[in-house]
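K.L.:
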Amino acid sequence: MARYELMSRTYAPTLKEDPAEAELASHRLLLRAGMIRKTAAGLYSYLPFAWRSLMKIEAIIREEMDAIGAQEILVPMIVPGEIWQQSGRWDVYGPELLRLKDRHGRDFVVGPTHEETFVDLVMNELRSYKQLPVTLYQIQDKFRDEIRPRFGLMRGREFIMKDGYSFDATVEGMQKSYEDEKAAYARICERCGLKALPVVADSGQIGGDTSVEFMALAESGEASLVWCDCGFAADTEAACAKISFDEYAVGDAVEIETPCEGSIASLAAFLGITEQACRKSFALIAEDGSPVLCLLPGDHELNDVKAEHAFGHYDVMDEEKMAAYGLVKGYMGPIGADPRVRIVADASLKDAQSWLIGANKVGYHIKGALPGRDFEVAEWLDLATAQEGDGCPHCGAPLHTARGIEVSQVFQLGTKYSEAMGATFMDEDGVEKPFQMGCYGIGVSRTLAAVVEQYNDEHGIIFPVSVAPYEVEIVPLNVGDDLVWPAVERLAGELVAHGLEVIVDDRSERAGVKFADADLYGMPYQVILGKRGVANGMAEVKDRATGERTDVPFDGLAAYLLERIAPKRA
Ligand code: ATP
Ligand code: MG
Numbered sequence: 150m151a152r153y154e155l156m157s158r159t160y161a162p163t164l165k166e167d168p169a170e171a172e173l174a175s176h177r178l179l180l181r182a183g184m185i186r187k188t189a190a191g192l193y194s195y196l197p198f199a200w201r202s203l204m205k206i207e208a209i210i211r212e213e214m215d216a217i218g219a220q221e222i223l224v225p226m227i228v229p230g231e232i233w234q235q236s237g238r239w240d241v242y243g244p245e246l247l248r249l250k251d252r253h254g255r256d257f258v259v260g261p262t263h264e265e266t267f268v269d270l271v272m273n274e275l276r277s278y279k280q281l282p283v284t285l286y287q288i289q290d291k292f293r294d295e296i297r298p299r300f301g302l303m304r305g306r307e308f309i310m311k312d313g314y315s316f317d318a319t320v321e322g323m324q325k326s327y328e329d330e331k332a333a334y335a336r337i338c339e340r341c342g343l344k345a346l347p348v349v350a351d352s353g354q355i356g357g358d359t360s361v362e363f364m365a366l367a368e369s370g371e372a373s374l375v376w377c378d379c380g381f382a383a384d385t386e387a388a389c390a391k392i393s394f395d396e397y398a399v400g401d402a403v404e405i406e407t408p409c410e411g412s413i414a415s416l417a418a419f420l421g422i423t424e425q426a427c428r429k430s431f432a433l434i435a436e437d438g439s440p441v442l443c444l445l446p447g448d449h450e451l452n453d454v455k456a457e458h459a460f461g462h463y464d465v466m467d468e469e470k471m472a473a474y475g476l477v478k479g480y481m482g483p484i485g486a487d488p489r490v491r492i493v494a495d496a497s498l499k500d501a502q503s504w505l506i507g508a509n510k511v512g513y514h515i516k517g518a519l520p521g522r523d524f525e526v527a528e529w530l531d532l533a534t535a536q537e538g539d540g541c542p543h544c545g546a547p548l549h550t551a552r553g554i555e556v557s558q559v560f561q562l563g564t565k566y567s568e569a570m571g572a573t574f575m576d577e578d579g580v581e582k583p584f585q586m587g588c589y590g591i592g593v594s595r596t597l598a599a600v601v602e603q604y605n606d607e608h609g610i611i612f613p614v615s616v617a618p619y620e621v622e623i624v625p626l627n628v629g630d631d632l633v634w635p636a637v638e639r640l641a642g643e644l645v646a647h648g649l650e651v652i653v654d655d656r657s658e659r660a661g662v663k664f665a666d667a668d669l670y671g672m673p674y675q676v677i678l679g680k681r682g683v684a685n686g687m688a689e690v691k692d693r694a695t696g697e698r699t700d701v702p703f704d705g706l707a708a709y710l711l712e713r714i715a716p717k718r719a
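The opening residue of the sequence shown carries number 150 in our numbering; numbering runs sequentially from there.
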């Protein structure tokens, strides 16, 4: 039997002051509203209100997974080191991985994600193409020993994740499983109330996207993205934009005196040209120890993720090494560099006919240089970070930038894990083949943080109905009053009987305290009951989102609230 909850029995201790450590609204408000408490860095307890929200988010996920035929299971959080060795991740996963030994000295990891466990689970039982496709998922705590756990639930070390894995016989099958998950993920974001964009997370070798992240838009988001009115959106780390450049002094390569400070801005100002007409040089040492000089559009930055793809874990070249390779800080360029330095240029500059580059001589640049004639470019790569105004790779229109919170990601894995672990099935043609896999993750606890990040004001949280801990908070002003309290109990019972989720602030606090707490907790509707109202059979309903207040007679209260709440349920 559904019942209403009493605030006096609920563990939701509020904080009057903003916690000093909380930079983000969501972190601050989840702490202040008594929804989470920190046990240690990156480790949080979820108190009753947070837990109710999380259960609603999980219910939405389960419904959407059900709808696409994914089956829920639960595997151990602790994973034998052995299968991580089989997949090859034991050696490459860095210090984020929490490794441990049992009493027999055997290696284990606390799962940061569970590809290996799921492959290991199915590999000896899914034997035939006739048994495929299969998609399994779980909702479970994950552990990643993040270097900088912060922002509360946003980047915890232990956090709740929904992780799912699909097993198909063919690439086309995998793509279908992936598309189904992607569509489900879009619905999950929407039903949780999140304003989110699916953004391309990597460029995709198979054609189309092979990975998409769902980004909840927020100024405070750690991720940056570019998007276009045509519908294209990509993580800045993955975006390959059309970058335009200017030309300065086409003709012969000529050394010119540039007695400026050695930055692109000062060079452009000194010559009275745009930064786009300059070429930026960035020297690094690749993972294999080789020296590399990257040439970039003058007004763009080297993208760290793209550079890691190209050069592995690289280091910025220090001045000592620069000197050893004939490079002069502030005036670097390809001409005059040691022949061991590999010259790599951003692909956007391929058609540039005139390069203004450093002369490797303090106070000098070379104008009008030309690759192929004056210096050699070993490779043209996508290296620059896309920025506002660059051209959309699809339609060419100027890109916009935004910031976001990655709440979920879908990924076409192909045979990466199945091959490494020898997970095969017998195909139609009688040949053993590795499974075609996809993997799909949702940050469940991060989703709650993202919702709060998008829905709040200076007074507190403004929960969307679909994930609110309760739909209605009744705020009686004189709980000790002989008339008020019986009316509260009757009304609360009636609302619950109509299927509404109700909490009653039965504490004998001052009205001001209760109002402030109700705004802080952020239940979508507040029903305020005072002495005079009760005497007249009237309640005051406050819509937390709009602040709008309406007097509603008792006998119409359930219908009034239902009419507003029911359509907003997930
Ligand atoms: P990030 O780039 O933010 O570190 P990720 O890409 O490493 O995340 P995935 O491996 O894609 O994360 O994990 C799936 C989902 O789990 C993410 O989309 C995110 O919502 C959530 N998640 C990942 N790391 C954390 C964390 N430290 N705290 C809370 N949620 C997380
Ligand atoms: Mg991710």
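Beta carbons are placed, not taken as given, at the ideal position from N, Cα and C, and that holds for glycine.
Keep in mind the model is a prediction, meaning the values are calculated, not measured.
Please report the straight-line C-alpha distance between VAL399 and SER503, rounded to a whole angstrom.
P.N.:
As a first step, residue 399 must be located in the sequence shown, where it is residue number 250. As a first step, residue 503 must be located in the sequence shown, where it is residue number 354. Those two C-alpha atoms are separated by around 5 Å.
K.L.:
From what residue to what residue does the alpha helix (DSSP H) around GLY243 run?
P.N.:
Numbered from its first residue, the sequence shown carries residue 243 at position 94. Premise fails: GLY243 is in no alpha helix (DSSP H) and is neither H nor E.
K.L.:
Give the DSSP bridge partners of ASN605, in chain order.
P.N.:
Within the sequence shown, residue 605 is the residue found at index 456, counting from 1. Partner(s): ILE610.
K.L.:
Along the chain, which unbroken stretches of the beta strand (DSSP E) at least 3 residues long are found entirely within the stretch 621-687?
P.N.:
DSSP runs (the beta strand (DSSP E)) wholly in the stretch 621-687: 621-625, 651-653 and 674-678.
K.L.:
Whole angstroms is fine: what's the gap from TYR463's alpha carbon to TRP239's?
P.N.:
Along the sequence shown, read from residue 1 onward, the residue named residue 463 stands at position 314. Along the sequence shown, read from residue 1 onward, the residue named residue 239 stands at position 90. Rounded to whole angstroms, TYR463 to TRP239 spans 21 Å at the Cα level.
K.L.:
Check whether the stretch 572-580 and the stretch 272-283 touch, using three or more Cβ-Cβ pairs below 8 Å as the test.
P.N.:
Yes, the stretch 572-580 is in contact with the stretch 272-283.
K.L.:
Measure from the alpha carbon of GLU307 to the alpha carbon of each residue in VAL320, ARG255, GLN289 and ARG718, then state which is nearest.
P.N.:
Here the question's residue 307 lines up with position 158 in the sequence shown. Ranking the options by Cα distance to GLU307, first place goes to GLN289.
K.L.:
Would DSSP call ALA327 helix, strand or coil?
P.N.:
Taking the first residue of the sequence shown as position 1, residue 327 is located at position 178. Ala is not the amino acid found at residue 327; the sequence shown has Tyr there. It is helical.
K.L.:
Under a Cβ-count criterion, where at least 16 other Cβ atoms within 10 Å of its own Cβ denotes burial, should CYS541 be classed as buried or exposed?
P.N.:
Looking up residue 541 in the sequence shown gives position 392. It counts as buried.
K.L.:
Suppose only complete runs of 4+ residues qualify. What are the alpha helix (DSSP H) ranges in the stretch 434-506, listed by chain order?
P.N.:
Complete alpha helix (DSSP H) runs here, min 4: 453-460 and 468-473.
K.L.:
Can you grab the Cα-Cα spacing for the pair ARG656 / GLU170, in whole Å?
P.N.:
Locating residue 656 in the sequence shown gives position 507, counting from the first residue. Locating residue 170 in the sequence shown gives position 21, counting from the first residue. Answer to the nearest angstrom: the Cα atoms are 29 Å apart.
K.L.:
Out of ILE611, GLY218 and ILE337, which one is the CA nearest neighbour of SER315?
P.N.:
Residue mapping note: residue 315 aligns to position 166 of the sequence shown, counting from 1. If we check each option's Cα against that of SER315, GLY218 comes out closest.
K.L.:
Going along the chain, which residues of its own chain have a beta-carbon closer than 8 Å to the beta-carbon of SER412, five neighbours each way excluded?
P.N.:
The sequence position of residue 412 within the sequence shown is 263, counting from 1. If we look at SER412 and ignore the five residues flanking it on each side, its Cβ neighbours are GLY479.
K.L.:
What residues match up with SER615 in a beta bridge as DSSP calls it?
P.N.:
Taking the first residue of the sequence shown as position 1, residue 615 is located at position 466. Partner(s): none; SER615 has no beta bridge.
K.L.:
Looking only at its chain, what residues have a beta carbon closer than 7 Å to the beta carbon of ALA569, apart from the 5 residues adjacent to it on each side?
P.N.:
To locate residue 569, count along the sequence shown from 1; it is residue 420. The answer, listed in chain order, is GLN235, SER236 and GLY237.
K.L.:
Can you name the residues that DSSP bridges to VAL701?
P.N.:
On the sequence shown, position 552 is the one that residue 701 refers to. Per DSSP, ALA688.
K.L.:
According to DSSP, is CYS427 helix, strand or coil?
P.N.:
On the sequence shown, position 278 is the one that residue 427 refers to. In this structure, CYS427 counts as coil in the three-state DSSP scheme.
K.L.:
Does LYS499 pass the burial test, meaning 16 or more other C-beta atoms within 10 Å, or should it be called exposed?
P.N.:
As a first step, residue 499 is located in the sequence shown; it is residue number 350 there, counting from the start. Label assigned to LYS499: exposed.
K.L.:
Determine, using beta carbons only, whether LYS311 and TYR286 come nearer to each other than 8 Å.
P.N.:
Counting from 1 along the sequence shown, the entry for residue 311 is found at position 162. Counting from 1 along the sequence shown, the entry for residue 286 is found at position 137. Against a cut-off of 8 Å, the Cβ pair of TYR286 and LYS311 comes out as a contact.
K.L.:
Any heavy atom of the ligand MG within a distance shorter than 7 Å of the CB on GLU469?
P.N.:
The residue labelled residue 469 in the question sits at position 320 within the sequence shown. Because no heavy atom of the ligand MG lies under 7 Å away, the Cβ of GLU469 does not count as near it: no.
K.L.:
Can you tell me whether ARG268 is helix, strand or coil according to DSSP?
P.N.:
In the sequence shown, residue 268 corresponds to position 119, counting from 1. The identity of residue 268 in the sequence shown is Val, whereas the question assumes Arg. DSSP places VAL268 in helix when its eight states are reduced to three.
K.L.:
With three or more beta-carbon pairs closer than 8 Å as the criterion, would you say the stretch 630-641 touches the stretch 378-393?
P.N.:
No contact exists between the stretch 630-641 and the stretch 378-393.
K.L.:
So what's SER277 in DSSP terms, helix, strand or just coil?
P.N.:
Looking up residue 277 in the sequence shown gives position 128. Looking at SER277 - three-state DSSP - the assignment turns out to be strand.
K.L.:
Distance, Cα to Cα, ASN509 vs TRP529?
P.N.:
Counted from its first residue, the sequence shown places residue 509 at position 360. Counted from its first residue, the sequence shown places residue 529 at position 380. If you take the alpha carbons of ASN509 and TRP529, they lie about 22 Å apart.
K.L.:
Per the DSSP calculation, SER736 is bridged to which residue(s)?
P.N.:
The structure shown has nothing for residue 736, since the chain only spans 150 to 719.
K.L.:
Would you report the Cα separation of GLY353 and THR359, rounded to the nearest angstrom?
P.N.:
As a working note, residue 353 is residue 204 in the sequence shown. As a working note, residue 359 is residue 210 in the sequence shown. Because the pLDDT at GLY353 is just 47, under 50, the model does not fix this residue reliably, and the value given afterwards should be weighed accordingly. Roughly 5 Å between the two C-alpha positions.
K.L.:
Anyone know if the C-beta pair for SER175 and GLU602 falls short of 8 Å?
P.N.:
Translated into positions along the sequence shown, residue 175 becomes position 26. Translated into positions along the sequence shown, residue 602 becomes position 453. Yes, the Cβ-Cβ distance between SER175 and GLU602 is below 8 Å.
K.L.:
Tell me the rounded alpha-carbon separation between VAL283 and ASP317.
P.N.:
Here residue 283 refers to the residue found at position 134 of the sequence shown. Here residue 317 refers to the residue found at position 168 of the sequence shown. Spanning the two alpha carbons is a distance of roughly 7 Å.
K.L.:
Am I right that THR159 and ILE652 are in contact with their C-beta atoms under 8 Å? What's the rounded C-beta distance?
P.N.:
Locating residue 159 in the sequence shown gives position 10, where the first residue counts as 1. Locating residue 652 in the sequence shown gives position 503, where the first residue counts as 1. That pair is a contact at about 7 Å.
K.L.:
Since GLN536 is in the beta strand (DSSP E), which residue starts that stretch and which ends it?
P.N.:
Working through the sequence shown from its first residue, we reach residue 536 at position 387. Taken as a continuous stretch (DSSP letters only), GLN536 belongs to no beta strand (DSSP E), as it is neither H nor E.
K.L.:
If we ignore side chains and look at the alpha-carbon of each, how far apart do TYR619 and ILE554 end up?
P.N.:
Taking the sequence shown and counting its residues from 1, one reaches residue 619 at position 470. Taking the sequence shown and counting its residues from 1, one reaches residue 554 at position 405. The alpha-carbon atoms of TYR619 and ILE554 are separated by roughly 25 Å.
K.L.:
Assuming LEU420 is part of the alpha helix (DSSP H), what are its boundary residues?
P.N.:
Reading the sequence shown from its first residue, position 271 is the one you call residue 420. Run containing LEU420: 413-420, per the alpha helix (DSSP H) assignment.
K.L.:
Grab me the residues of LYS319's own chain with a C-beta within less than 8 Å of its C-beta, minus the 5 sequence neighbours each way, in chain order.
P.N.:
Position 170 of the sequence shown, counted from the first residue, corresponds to residue 319. Rather than Lys, the amino acid found at residue 319 in this sequence is Thr. Excluding sequence neighbours, THR319 sits near GLN585.
K.L.:
Judging by CA-CA distance, which residue of MET481, LYS429, ALA707 and VAL616 is the nearest neighbour of TYR670?
P.N.:
Translated into the one-based positions of the sequence shown, residue 670 becomes position 521. Answer by Cα proximity: VAL616.
K.L.:
Any heavy atom of the ligand ATP closer than 7 Å to the Cβ of GLU457?
P.N.:
In the sequence shown, residue 457 corresponds to position 308, counting from 1. False, no ligand heavy atom lies under 7 Å from that Cβ.
K.L.:
Indicate, with yes or no, if the ligand MG has a heavy atom lying under 7 Å from the CB of GLN561.
P.N.:
For this step, residue 561 is matched to residue 412 along the sequence shown. No, the ligand MG has no heavy atom inside 7 Å of this Cβ.
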